[in-house]
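So in full-length UniProt numbering, spot 337 of the sequence shown is number 337, and the numbers just go up one at a time.
What follows is a short report on a single structure.
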Amino acid sequence: MATLAPDSARPPLSQLGSPPSIQTHGGVGANLPPNRGLERALEEAAASGVLNLSSRKLKEFPRTAANHDLTDTVEADLSKNRLTDVPSEVCHLVALETLNLYHNCIRTIPDSVISLQSLTSLNLSRNQLGALPACLCSLPLRVLNASNNKLVSLPESIGQLRSLMELDISCNEITALPRHIGRLRALRELNVRRNLLCVLPEDLADLPLVKFDFSCNKVSTIPVCYRKMKQLQSLQLENNPLQSPPAQICIKGKVHIFKYLSIEACRSEKMPDPLYLPVMERLSLSRPTTCRSKQDSDSGVGSDNGDKRLSATEPSDEDSLSLNVPMSHITEEEGLSKDDSSEHISSLTGTHTHMNTHSHISRVCNSVLSVVLSVTVFMRSHKSLESVDPQFTMRRKMEQLREELELMEQLRDSIESRLKVVLPEDLGSSLMDGVVLCHLANHIRPRSVASIHVPSPAVPKLSMAKCRRNVENFLDACRKIGVPEDKLCLPHHILEEKGLVKVSITVQALVDEASSKHSLLT
Numbered sequence: 001m002a003t004l005a006p007d008s009a010r011p012p013l014s015q016l017g018s019p020p021s022i023q024t025h026g027g028v029g030a031n032l033p034p035n036r037g038l039e040r041a042l043e044e045a046a047a048s049g050v051l052n053l054s055s056r057k058l059k060e061f062p063r064t065a066a067n068h069d070l071t072d073t074v075e076a077d078l079s080k081n082r083l084t085d086v087p088s089e090v091c092h093l094v095a096l097e098t099l100n101l102y103h104n105c106i107r108t109i110p111d112s113v114i115s116l117q118s119l120t121s122l123n124l125s126r127n128q129l130g131a132l133p134a135c136l137c138s139l140p141l142r143v144l145n146a147s148n149n150k151l152v153s154l155p156e157s158i159g160q161l162r163s164l165m166e167l168d169i170s171c172n173e174i175t176a177l178p179r180h181i182g183r184l185r186a187l188r189e190l191n192v193r194r195n196l197l198c199v200l201p202e203d204l205a206d207l208p209l210v211k212f213d214f215s216c217n218k219v220s221t222i223p224v225c226y227r228k229m230k231q232l233q234s235l236q237l238e239n240n241p242l243q244s245p246p247a248q249i250c251i252k253g254k255v256h257i258f259k260y261l262s263i264e265a266c267r268s269e270k271m272p273d274p275l276y277l278p279v280m281e282r283l284s285l286s287r288p289t290t291c292r293s294k295q296d297s298d299s300g301v302g303s304d305n306g307d308k309r310l311s312a313t314e315p316s317d318e319d320s321l322s323l324n325v326p327m328s329h330i331t332e333e334e335g336l337s338k339d340d341s342s343e344h345i346s347s348l349t350g351t352h353t354h355m356n357t358h359s360h361i362s363r364v365c366n367s368v369l370s371v372v373l374s375v376t377v378f379m380r381s382h383k384s385l386e387s388v389d390p391q392f393t394m395r396r397k398m399e400q401l402r403e404e405l406e407l408m409e410q411l412r413d414s415i416e417s418r419l420k421v422v423l424p425e426d427l428g429s430s431l432m433d434g435v436v437l438c439h440l441a442n443h444i445r446p447r448s449v450a451s452i453h454v455p456s457p458a459v460p461k462l463s464m465a466k467c468r469r470n471v472e473n474f475l476d477a478c479r480k481i482g483v484p485e486d487k488l489c490l491p492h493h494i495l496e497e498k499g500l501v502k503v504s505i506t507v508q509a510l511v512d513e514a515s516s517k518h519s520l521l522t
């Protein structure tokens with residue numbers, strides 16, 4: 001049976017990882033041996049420039065670090081310790097490029113962090129930060145991770161991080177994003193998951209985002225301008241009380257969401273502009289009120305002389321009525337100029353030679369001229385009265401969307417039922433490399449595609465050249481099988497995911513052609 005060794009045989013406390021406070025440069029504790037693992041880490045940092053002090057239960061920066069030259073350190077890992085503040089010694093490492101402070105107890109960031117003017121990556125996740133200092137926005141950061149803290153807001157000066165490419169502020173208590181976040185022109189990934197956001201800023205639509213996660217918030221509406229996020233590949237929005245787009249659209253994925261936003265944008269743009277409403281009213285009011293006042297003030301209205309005076313001083317009833325021109329008679333020629341419009345309106349009003357009449361008609365012409373030009377612009381953008389009706393436009397767009405969705409589902413069913421596979425939610429991205437389509441062609445007619453470039457574990461994504469070769473081989477196979485040229489899509493419809501409707505028509509024609517030949521053989 002094992003026995004306990006006497007106290008004299010036990011190793012000293014310093015070898016068991018004693019606190020750095022007893023490792024003084026002089027005095028009683030100077031002769032105690034240091035923690036060898038810690039010393040080895042400091043020696044390696046001085047030699048390689050990489051300081052790894054992770055998972056050492058440190059409450060402060062090791063004091064023995066002063067015995068080593070760490071000025072050239074470019075990477076420091078102080079994660080999974082018990083630090084309550086960013087050590088001042090770290091802020092003196094001016095060559096530092098990467099700093100990992102994950103999983104500590106840090107509550108504040110000192111202003112001295114501004115001296116780290118080479119820092120490009122900063123990990124502050126899983127700490128107890130209540131706010132980020134404004135001085136942090138003066139660093140050349142490309143990656144900033146401040147998730148799992150107690151942040152309630154971001155500094156307004158965050159727009160100064162012009163080189164920032166990844167921003168992770170998930171799992172905080174942020175209620176609104178700062179208005180200058182739209183200035184992060186290099187931002188590619190934004191994670192605001194599990195916060196208290198109610199509104200998404202429209203400025204994000206101008207950023208080149210590739211990944212955007214705003215799940216587990218309180219967002220009810222996605223701005224229609226987000227349809228302009230052409231580079232967006234991953235969109236996470238679950239666990240939000242979304243009303244626009246509705247839930248049945250959101251669960252179908254990014255493609256359907258963006259189509260909904262495009263329809264909403266068209267609907268808002270087609271609504272009658274209140275600017276044109278007074279134009280229509282002024283067109284119907286042909287006789288000016290000034291003429292009516294003159295008529296009321298003339299005492300000889302009922303006499304023959306009065307009639308003669310009226311004919312000499314104001315337009316006749318026929319002339320006045322001629323101002324009320326139907327909209328279909330308004331010219332739509334591109335070369336319509338102000339002078340031409342003036343002559344056209346002057347001929348309509350039957351200008352008289354009297355000086356007072358001429359000045360009055362000039363005023364009428366100038367007022368009606370602006371009306372005609374406004375209506376002309378309006379009519380150019382709305383070639384038919386049907387397009388002015390928002391209900392008609394929305395109905396037409398919804399019918400078009402319904403047809404496209406039916407074609408997409410038909411395309412998905414045609415492929416999945418024949419190849420016995422389940423395609424991803426984003427149908428366009430799953431077809432863009434041409435692999436699935438080539439297999440479909442070979443399923444319908446074996447060996448119609450002689451060679452197919454497929455991804456491998458080492459190279460999980462095909463190059464664009466190989467994708468194009470697969471797509472061209474698929475289209476050649478369709479021609480051999482007998483698909484008419486007018487039903488063949490173009491390569492860019494598949495490669496750029498911009499013509500899935502045409503791809504669906506091609507696949508359906510391929511399936512129909514194979515079915516017809518099979519029925520003839522049987």
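Heads up, the beta-carbon is just placed ideally off N, CA and C, and yes, glycines get one too.
These figures come from a predicted structure and were not determined experimentally.
Cβ-Cβ separation, Asn-123 to Asn-100 (assumed contact under 8 Å), whole Å: A Cβ-Cβ separation of about 5 Å places Asn-100 in contact with Asn-123 under the 8 Å criterion.
Only counting runs of 4 or more residues, tell me where the alpha helix (DSSP H) segments fall wholly within the stretch 44-109, in order along the chain. Positions of the alpha helix (DSSP H) runs, each at least 4 residues long and wholly inside the stretch 44-109, are given as 88-91 in order along the chain.
Candidates Leu-58, Glu-39, Met-398: which alpha carbon is nearest Tyr-260's? With distances taken between Cα atoms, Tyr-260 lies closest to Met-398.
Under 7 Å Cβ to Cβ from Ser-516, same chain only, skipping five residues before and after it: list those, please. Hits under 7 Å: none found.
Pull up the distance between the alpha-carbon of Ser-448 and that of Ser-118, whole angstroms please. Distance between the alpha carbons of Ser-448 and Ser-118 is about 57 Å.
Could you tell me which residues DSSP pairs with Ser-121 in its beta bridges? Under DSSP, Ser-121 takes part in a beta bridge, and its partners are Thr-98, Val-143.
So, under 8 Å CB-CB, residue 529 and Cys-137 are touching, yes? Tell me the CB distance rounded to an integer number of Å. As displayed, the chain neither begins before 1 nor continues past 522, which places residue 529 out of reach and without an answer.
Pick from Ser-414, Ala-247, Asp-512: whose alpha carbon is nearest that of Ile-222? The shortest C-alpha separation from Ile-222 is found at Ala-247.
Starting from the Cα of Leu-58, find the closest Cα among Asn-239, Asn-104, Leu-462, Glu-44 and give me that residue. The shortest Cα separation from Leu-58 among Asn-239, Asn-104, Leu-462, Glu-44 belongs to Asn-104.
Is Asn-442 helix, strand or coil by DSSP? Look at Asn-442 here: in three-state DSSP terms it is helix.
List the endpoints of the continuous beta strand (DSSP E) containing Lys-211. Annotation: the continuous beta strand (DSSP E) that includes Lys-211 extends over 211-213.
Quick check on Asn-191: does DSSP put it in helix, strand or coil? Three-state result, Asn-191: strand.
Can you tell which of Arg-412, Thr-506, Leu-204, Asn-172 has the C-alpha that lies nearest to the C-alpha of Gly-130? In this structure, Asn-172 is the residue among Arg-412, Thr-506, Leu-204, Asn-172 with its C-alpha nearest to the C-alpha of Gly-130.
Take Glu-404 and list the residues in its own chain whose beta-carbon comes closer than 6 Å to its own, dropping the five residues that flank it on each side. Excluding sequence neighbours, Glu-404 sits near Val-501.
According to DSSP, simplified to helix, strand and coil, what is Leu-151? It is coil, neither helix nor strand.
Can you tell me whether DSSP reads Thr-175 as helix, strand or coil? DSSP places Thr-175 in coil when its eight states are reduced to three.
Going straight from the alpha carbon of Asp-213 to that of Leu-164, what length do you get? Distance between the alpha carbons of Asp-213 and Leu-164: 17 Å.
Could you give the DSSP three-state label for Asp-413: helix, strand or coil? Secondary structure of Asp-413 (DSSP, three-state): helix.
DSSP-derived helix/strand/coil call for Gln-160: Reduced to three states, the DSSP call for Gln-160 is helix.
Do the stretch 73-93 and the stretch 42-50 meet, that is, are 3 or more Cβ pairs less than 8 Å apart? Segments in contact, yes.
According to the neighbour-count rule (16 or more other Cβ atoms, all chains shown, within 10 Å of its Cβ), is Ile-251 buried or exposed? Exposed: under 16 other Cβ atoms inside 10 Å.
Report the rounded CA-to-CA distance for Leu-196 versus Arg-188, giving the unit in angstroms. Pairing Leu-196 with Arg-188, the inter-Cα distance amounts to about 22 Å.
Evaluate Ala-186 with the Cβ neighbour count: other Cβ atoms within 10 Å of its Cβ, from every protein chain shown; 16 or more gives buried, anything less gives exposed. Classification for Ala-186: exposed.
Measuring alpha carbon to alpha carbon, tell me which of Asp-476, His-68, Ala-450, Val-471 ends up nearest Glu-497. The closest CA to that of Glu-497, considering only Asp-476, His-68, Ala-450, Val-471, is found on Val-471.
Taking DSSP as the reference, what is the three-state secondary structure of Gln-236? If DSSP states are grouped into helix, strand and coil, Gln-236 belongs with the strands.
Beta-carbon contacts of Asn-191 that lie in its chain and below 6 Å, excluding the five residues immediately before and after: Result list for Asn-191: Asp-168, Ser-170, Asp-213, in chain order.
Nearest to Ala-66 (by Cα), restricted to the options Glu-89, Pro-178, Val-507: Comparing Cα-Cα distances from Ala-66 to each of Glu-89, Pro-178, Val-507, the minimum goes to Glu-89.
So, for Glu-513: in the same chain, excluding its five sequence neighbours on each side, which residues have a beta-carbon less than 7 Å away from its beta-carbon? If we look at Glu-513 and ignore the five residues flanking it on each side, its Cβ neighbours are Ile-481, Gly-482, Val-483.
Do Ser-430 and Pro-424 have their CB atoms nearer than 7 Å? The Cβ atoms of Ser-430 and Pro-424 sit closer than 7 Å to each other.
Contact check, Ala-205 vs Lys-230, beta carbons under 7 Å: Taking 7 Å as the Cβ cut-off, Ala-205 and Lys-230 do not qualify as a contacting pair.
Output the distance between the C-alpha atoms of Val-503 and Gly-434, rounded to the nearest integer angstrom. Roughly 11 Å between the two C-alpha positions.
Name the DSSP bridge partner or partners of Leu-167? Looking at the DSSP assignment, Leu-167 forms a beta bridge with Leu-144, Leu-190.
According to DSSP, simplified to helix, strand and coil, what is Gln-23? The predicted position of Gln-23 is uncertain, since its pLDDT is 40 and thus under 50; no value can be drawn from it.
What residues in its chain sit with their C-beta under 8 Å from that of Ile-249, if we drop five residues either side in the sequence? Excluding positions up to five away in sequence, the list reads His-256, Ile-257, Tyr-260.
Hey, Ala-95 and Asp-72 are a contact pair by Cβ (cut 8 Å); roughly how many whole angstroms apart? Here Ala-95 really is in contact with Asp-72; their C-beta atoms are around 6 Å apart, less than 8 Å.
Considering only the beta carbon of each residue, do Ser-121 and Ser-147 sit closer than 7 Å? The Cβ atoms of Ser-121 and Ser-147 lie no closer than 7 Å to each other.
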